[in-house]
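In this text, residue positions in the sequence shown follow the numbering used here: the first is 5, and each later residue adds one.
The beta-carbon is built from N, C-alpha and C at its ideal position, and this holds for glycine as well.
Below: the structure, in structure tokens.
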Amino acid sequence: GATVEMGKKGAPRASLEEGDLERPNELNVVVVDDNMYYRSMRSQVVQIARQHGSGIAIIHLEADLESCILRNAAREPSERVSRQTIEKMAQLLQPPDPKRFAWERNCRTIKVAPHPGKTDWNDVVDYTWVVGSWSEVPENIEEIERKRELQRRRDTEANLRSLAHQAELRMRKSVGKRIGALREGFASLGVESGKSKREVDAAAKKMGEIRKELLSGLKSGYVCDDRNVVENGDHNCDYGRDEGNSSIS
């Protein structure tokens, strides 16, 4: 079996016993024994496991502060740490949180018996779970989030394309109605055909420019009420960024 010890700056340093690499079919269990009170410290070990396609199990030992202080006092003088160190570490400790951090999901918390009681590890540690953790390869959360963000962008782009298509169909219909109404209006007023045609052509050109402006904005992710643009000629829209939740009614 391999072991992992922590370096001076908290960086994990792995070492293999002689012959480990010659037994590739055997199940090797790497035990990382350290306080790792910061989540970032545990993350380094998880990254190593991920890089090598190895599963990982986290055992969180939960003990009350007073028991830790008493057990420390019972150590040999050369093995003791200061009370201030223990208290500071208790304050800084970031316990595993599988609900927020998916890479900590394969974790078990063991409540250590209060001092002077003793914990029977054979009773509290599920060794079958530990051995079975070889298949629990931690996910690459950064890569998963990157793919999710890419899919969200694709969905948004597809929604905007659909939105622009709906808007274009409505605007073409509205422009046709508007041009027809202009022709009828000029005819009812007895305006000569040449002049009415020029006026209608100018209006059609103006509405066409507005339609293109609006469609360009929609395709870029901006939304505007096309009814005001086409029917009333009001294209001074309040272009507000919409994250793909708008619709054309």
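Item, Value
"Residue span of the alpha helix (DSSP H) that contains Leu96, given as start and end", "Arg87 to Leu96"
"Inter-stretch contact (C-beta, 8 Å, three-pair minimum) for the segment 101 to 114 and the segment 58 to 69", "yes"
"Simplified DSSP state of Ile73, which is helix, strand or coil", "helix"
"Straight-line gap, His119 to Asn39 (C-alpha atoms, nearest Å)", "19 Å"
"Simplified DSSP state of Lys115, which is helix, strand or coil", "strand"
"Distance, Ala206 Cα to Met175 Cα", "17 Å"
"For Leu219, the three-state DSSP class (helix, strand or coil)", "helix"
"Any 3 or more C-beta pairs closer than 8 Å across the segment 176 to 189 and the segment 128 to 136", "no"
"Contact set for Glu172: own chain, Cβ-Cβ below 7 Å, skip 5 residues either direction", "Leu219"
"Inter-stretch contact at 8 Å, needing at least 3 Cβ pairs: the segment 87 to 98 / the segment 37 to 55", "yes"
"Glu147 burial status per 10 Å Cβ neighbour count (16 or more: buried)", "exposed"
"Burial state of Leu25 (16 or more Cβ within 10 Å)", "Any answer about Leu25 is weak, because its pLDDT of 43 lies below 50 and its placement is not dependable; what the coordinates show is given next. With fewer than 16 other Cβ atoms within 10 Å, it is exposed."
"The beta strand (DSSP E) enclosing Ile52, as first and last residue numbers", "Here Ile52 belongs to no beta strand (DSSP E); instead the alpha helix (DSSP H) covers Arg43 to Gln55."
"Member of Ile73, Ala78, Glu80 and Pro102 whose CA lies at the smallest distance from the CA of Gln88", "Ile73"
"Which listed residue (Val204, Leu167 and Arg165) has its alpha carbon closest to that of Val179", "Val204"
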